[in-house]
Structures are given as C-alpha cells and as structure tokens.
Amino acid sequence: VLFAVVTVALVCFMQERGALGFERHYHVTDPFIRRLGLEAELQGHSGCVNCLEWNEKGDLLASGSDDQHTIVWDPLHHKKLLSMHTGHTANIFSVKFLPHSGDRILITGAADSKVHVHDLTVKETIHMFGDHTNRVKRIATAPMWPNTFWSAAEDGLIRQYDLRENSKRSEVLIDLTEYCGQLVEAKCLTVNPQDNNYLAVGASGPFVRLYDIRMIHNHRKSMKQSPSAGVHTFCDRQKPLPDGAAQYYVAGHLPVKLPDYNNRLRVLVATYVTFSPDGTELLVNMGGEQVYLFDLTYKQRPYTFLLPKKCHTSGEVQNGKTSTNGVSNGIHLHSNGFRLSEGRAHVSPQVELPPYLERIKQQANEAFACQLWTQAIQLYSKAVQKAPNNAMLYGNRAAAYMKRKWDGDHYDALRDCLKAISLNPCHLKAHFRLARCLFELKYVAEALECLDDFKGKFPEQAHSSACDALDRDINAALFSKSDNAEDKKGGGPIRLRATGRKDSISEDEMVLRERSYDYKFRYCGHCNTTTDIKEANFFGSNAQYIVSGSDDGSFFIWEKETTNLVRVLQGDESIVNCLQPHPSYCFLATSGIDPVVRLWNPRPESETLNGRVVVDMEGASQANQRRMNADPLEVMLLNMGYRITGLTSGGAGGSDDEDSSEGQVQCRPS
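Letter by letter, the sequence shown follows residues -21 to -1, 1 to 649 of mature numbering (1 follows the signal peptide of the UniProt record, and there is no 0).
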C-alpha cells in the first residue's frame, strides 16, 4: 500500500512538473509577442500610476498613484475590487503584497518618506514607518522571509522591517552614504526569487550592488558578541559590511563616460533592478543609458584593459577561453597596456558557416552596404546566437556597431573585436577596429600602442589610408592634451577616476568598484531620461524576452538572447514607467503618466491589431537616441512634436578594414 501511495505521489509530481515545464515553455512565445495588443484599460485613479504588483496567483493586481490611493483589481474581469486612501501625503512609488498573508497585507512606499502597511480586509493602515528622511522609491519582499520586507529611499539607506517586532521601527541594513557620501540616493531594490539571501540595489551612478543579507546579519551579530566590540583603535576601523558581502556590476564603459555625461547634465541612475525567474541573471534599467543584463553565474570583468598577449594555436583556444594563468574572458592582461604578438601574422582558416547562416550573413552584409546599421547588427546577432564561435561574425558586427555610433556601441564593438581575436588571434580586421574603438572610447595612449602593434604585425597595412587617418587622429588628440587624454594617462585605475566627488568615495567603495563585473547583454531603442522609476522586466517564465518602458510613451520588447528588438507598442500618451508581466500567462500590465492601467495580451488572429503598434521600430529607436543626447530644450521640442536634425544616430563610423585578401583597411564587413 505504501509503495502504491508513493508511486501515485511520484506520478502526480512528475505530471505537475511536466505541466509546469510545458507552461514555462509556451508561456510566452514569438507568435504571442507578434499578436500582443491592448485588451483593456482600467480606470479609477486620478493621477499618474507609478507602481503595479501582481499577487502570487495572478488573479489580483495592485496599483499605486499620485492620488495617494491604492486600488486592487480583478484584471481578468477588468473590475475594481477595492480602493483606499493609503494615508500617504505624497505620490506613491511602490506597492507590494506581503508573502504568506493571503493577499491581505499590502505595503506602500511614497514621496512623503513613509512606509505604510495596510490590511485590505478592513481597508485600514495598521503600521506607519517614518524612519526614512527622503522619498521612498521601492519596497521588496521575499517568500522565505514572510514577515520581513525592505525599502530603498533617496536618503541612501536600505531599511529592513520585521512585522513581528512590537517596536514598529526598522533597522538600517545598508547605508550607502558610508561608501558614497551624503548625496547618494537609493532608487530600487529586489530580492533573488531562488535564494532570498541576496538583495540587489540600484542607486545614483552606474554601479549596481548585490548584497548577501545573511552575511551582513551574521557579521553584525558577531560584532555585538565580540568582547572588544566597543573598543576601537585608530587603525582598527570597523567595516560596515564584511568582506565578500557585496558584489558590484557595471557596464564597462560607463565609469569613464561619467565626466562627459555630467558636463551635459546627463544623469546615470539605476531606475529598476530585477532577477530572472531562475535567479541567475540581473536586469538593470539604467537611467540616462540603456538596459543591461548581467550574468551572475559566468561573471566577466570589464574588457577595457584586455588584449591577447600572443597568438594561440587553434588547439589552445576553445570557446574564446584559454587555460593560461592571468586570463579574464579568454583575453590576456598586459601590465604595460595593449600588446599584440610579435612578428607577421598569418590568417587562420575560418570555419565555414552552414548555408542558412551564410545567407543570414549575406543579408547582414547587404544591410551594411545600404547603411542600415541596426538591421545589420540584428542579423549578425541572429547568426552569432547560432554560431557563437565564428570570429568573422563578431568582427562584422563590430563594424556595424562602429558605424551606427549609438551610446555604448563602441564598447560593444570593442567587446566583439576582443571576442573575434580570442577565436582567431590573427584576425586583421578585429585588430585594427580594436585600435579605432580604443580611440573613440578616449583611451588615446592605449589606442596608439595598439595601432603601433598592429602595424608591426601587419606591415602591409601600415601605410593604408585608414591607418594613416587613425594615426593622425590619435596624434592630434595627444598633442591637444585634452582633459580626457590627460586623465587617461594619469596614475591609478582609469575606471575609478571618472567618478565625481572623489573625497566622498570611501576606500572600501573604490575597491568594490574596481572589482565590479561587466554586462552580458545590452538592449537599445528605448529612452530613459525623464523619470527615475522606469522599469525593465523579464517576460516569460524562461525569461525569453525583455520589456522596458520609454519616455516616448511606448514600451519595447527584445529577444533576450539576440538582443534584437521585436515589438514596440504605444502604452501611454506621455511615458511608460511600469511593466509587470503576469506570473503565469502571456499577460502584461503597464502604466505611466496616464491615470489608467493598461492590460495587454495576444489578440485573436481574427481581430485586426489596433493602432498602438509602432511599425517603424527603427525610426522610434533613432528618435530615442536623439532624445537621450538632446539638451533639455531639445527634449521639450521633441515632446511638442518638432523634429531635431542636429543629432544623428548613424553616419560615418570609425575606419574599418576590408576583406584581408585585398590588403587594404577599408570600411566594409567580410
């Protein structure tokens, strides 16, 4: 009998697991994305809707607004179930259901610096926390911590709350001001859904922080229990966080870009962070920049100082990695800058692509020839996903990035060049483009050394027109002794010197920043410069897609693995800030400046898709690039409908080299 019971239980478990796998695989598919359209508008708020939150089952949706009310909806039937004033005296920025409360307890954070806890069954506010001294931007919860939640506020503090405590107070879990000075602001936070001990925090500046909550608590407990806890000498400085409790992530090019952005009053701030469903990836919507995905398992250092030290044989290079000590991302570090292998290079044979990928590559080359840079990038990316060890594809995509010249494109091109070189150490085009990328990224001295090494390795190219042009550009930049060039040649780590207010950055913070990890994927097309609550999310239980709001009133959908833009829909008359996917269905809730919540799902094939589809996705993306680089007056004119022609999204990129068989460095892919 026991055997029969166990067998039935096992069969039920496998069936449930199989059903879950089926649901996750077909939860969000490409045909569904292509048919995604507006299902309904939920009306009830009288101000901007700044936050949305599904309950665990997905049958309830909570919203918070500038009108200081929260509304709980039945989204499947488009009904308002409950509306209550939260007791806040300013805009609500975050709303969360407390886990294991039977959807009875709702938490809100607002611009009045308060965090309120509400009992929805009686429509009453049962706890009010006023410990923050500036606007509360995000609340986070975790299933493993049923009575606990966290808040991030613009006073630079991350606070932890335990509703079992009678003191009705909170404790400071993380104080960013101890690391970054009094002006730092915490903007967002989230807890890893698979391991609730990990908390990600976004704040002002380009760095995103990942903390081990358990390590922090154990450290503080041991400090309290230590007999010498209250005795400190001058040299015995007590660290607020233990070693290993924090990891930093940053797009590798952003720290160096900070002075330029600051001069143009362009603010970098993480407006939203979230984990993938399996907890292995971290998605960041970087205000003033793009959307970035960080791999938490296969971490990689920023590529800025990396270049091969020697050409390896094909047997020594596998998947872009080597087994030699001192290697990061398969690329050797060189203490004196960039150094190529000595002597003349011999081009390694390139593995042929399958016919269907060769056709995609040719389509990409044709798009490149027609100056359709984004189309070329997307086609190369599609091919790279299928053939990740083909150096030519990376080299060609680098050329397209360099031509398009959107924010971050030269750094992506540099990454592609280094990847191509790791796969084919004697890739002529990648070597030359690398020198051009370094110059465009303002690493002038490194660009000169890289170019000199290129000339030594490929002497037949040393006097090509492209080489001469780059040589002139580099020498002109060195001669001018611009502030940026001098800054690069100064001592100390380049990636840290770009940070303003040096005296407010602690030594611990400097070390953590220097150890930061780079991104895996970058998603372009949207604009995030106007609001600091703009979200980006994984769409699908397997995180197949990435969605983000935008300042142009649209929301953008990308394929996660290729980073290709596949859908743009108009979600608001002004700005889309919030996008919260349903936990089980291909169902999306969005909100923004309009006082409504919009629901999106795949529309029937018999139904004509509504006019909210943005057909010209490339045009929308280019307009957003102009918007991000425009000054405030230009942004105002854009919002009024005027066309700005002073800034372009494409044009002549850095010099590229043509097919190596022709022996000249020109501007076209292989």
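Each residue gets a CB set at the ideal place from its N, CA and C atoms; glycine is no exception.
Pair within 7 Å by beta-carbon distance, residue i and residue j
i, j, result
"Gly504", "Ser600", "yes"
"Val229", "Pro172", "no"
"Ala392", "Met381", "yes"
"Leu162", "Val180", "no"
"Asn126", "Arg138", "no"
"Tyr158", "Ser149", "no"
"Asp388", "Ala377", "no"
"Arg582", "Gly550", "no"
"Thr569", "Phe534", "yes"
"Asn368", "Leu402", "yes"
"Glu552", "Asp573", "yes"
"Val235", "Gly267", "no"
"Ala90", "Arg114", "yes"
"Gly88", "Val94", "yes"
"Ala224", "Asp191", "yes"
"Ala165", "Leu155", "yes"
"Glu32", "Ala41", "yes"
"Thr510", "Ile554", "yes"
"Ile339", "Ala355", "no"
"Thr120", "Lys58", "no"
"residue 656", "Gly26", "Summary: the structure shown does not reach residue 656, with the chain confined to residues -21 through 649, and so no result is reported for it."
"Leu548", "Asn516", "no"
"Thr259", "Leu237", "no"
"Cys349", "Phe11", "no"
Limits of the alpha helix (DSSP H) - the one that residue i falls within
i, result
"Ile453", "Ser444 to Ser459"
"Asp431", "Val423 to Lys436"
"Glu419", "Leu407 to Glu419"
"Val235", "Leu233 to Asn242"
"His389", "Asp388 to Leu402"
"Leu603", "It is Asn, not Leu, that sits at residue 603 in the sequence shown. Asn603 -> alpha helix (DSSP H) spans Met596 to Asn608."
"Glu584", "That residue, Glu584, is in no alpha helix (DSSP H); it is neither H nor E in DSSP."
"Glu157", "Thr156 to Cys159"
Per-residue DSSP class, three states only, for residue i
i, result
"Tyr498", "coil"
"Asp141", "strand"
"Tyr271", "strand"
"Ser42", "strand"
"Gly258", "coil"
"Ala441", "coil"
"Tyr373", "helix"
"Gln364", "helix"
"Phe(-19)", "Because the pLDDT of Phe(-19) is 47, which lies under 50, any placement of that residue in the model is unreliable, and the number read from its coordinates should be weighed accordingly. Helix."
"Ser649", "coil"
"Arg577", "strand"
"Ser320", "Confidence at Ser320 is low in this model, with a pLDDT of 47, below 50, so the placement of that residue is unreliable and no value is reported for it."
"Thr624", "At Thr624, the pLDDT of 40 sits below 50, so the modelled position is not reliable; the number obtained from the coordinates is stated separately. Three-state DSSP puts Thr624 in coil, outside helix and strand."
"His198", "helix"
Terminal residues of the beta strand (DSSP E) in which residue i lies
i, result
"His6", "Neither: His6 is in no beta strand (DSSP E) and is coded neither H nor E."
"Lys166", "Ala165 to Val170"
For residue i, the residue or residues it bridges with in DSSP
i, result
"Val94", "Gly88 and Phe108"
"Arg188", "Val180 and Tyr227"
"Gln559", "Ala568"
"Arg117", "Ala131"
"Ser80", "Ser80 is not bridged to any residue."
"Ser149", "Tyr140"
"Trp124", "Ala121"
"Asn264", "Tyr251 and Val270"
"residue 682", "No information on residue 682 is available, as it lies outside the stretch -21 to 649 that the chain covers here."
C-beta neighbour in chain D for residue i, strict 7 Å
i, result
"Tyr564", "The structure shown contains no chain D; it is built from a single protein chain."
**OP:** Return the chain-ordered ranges of every alpha helix (DSSP H) run that is complete within the stretch 482 to 549 and spans a minimum of 4 residues.
**Re:** 486 to 493
Unbroken stretches of the alpha helix (DSSP H), 4 residues or longer, contained in the stretch 325 to 359: 334 to 348
Continuous beta strand (DSSP E) assignments of at least 3 residues falling wholly in the stretch 12 to 76: 15 to 22, 28 to 33, 40 to 44, 48 to 53, 58 to 64 and 71 to 76
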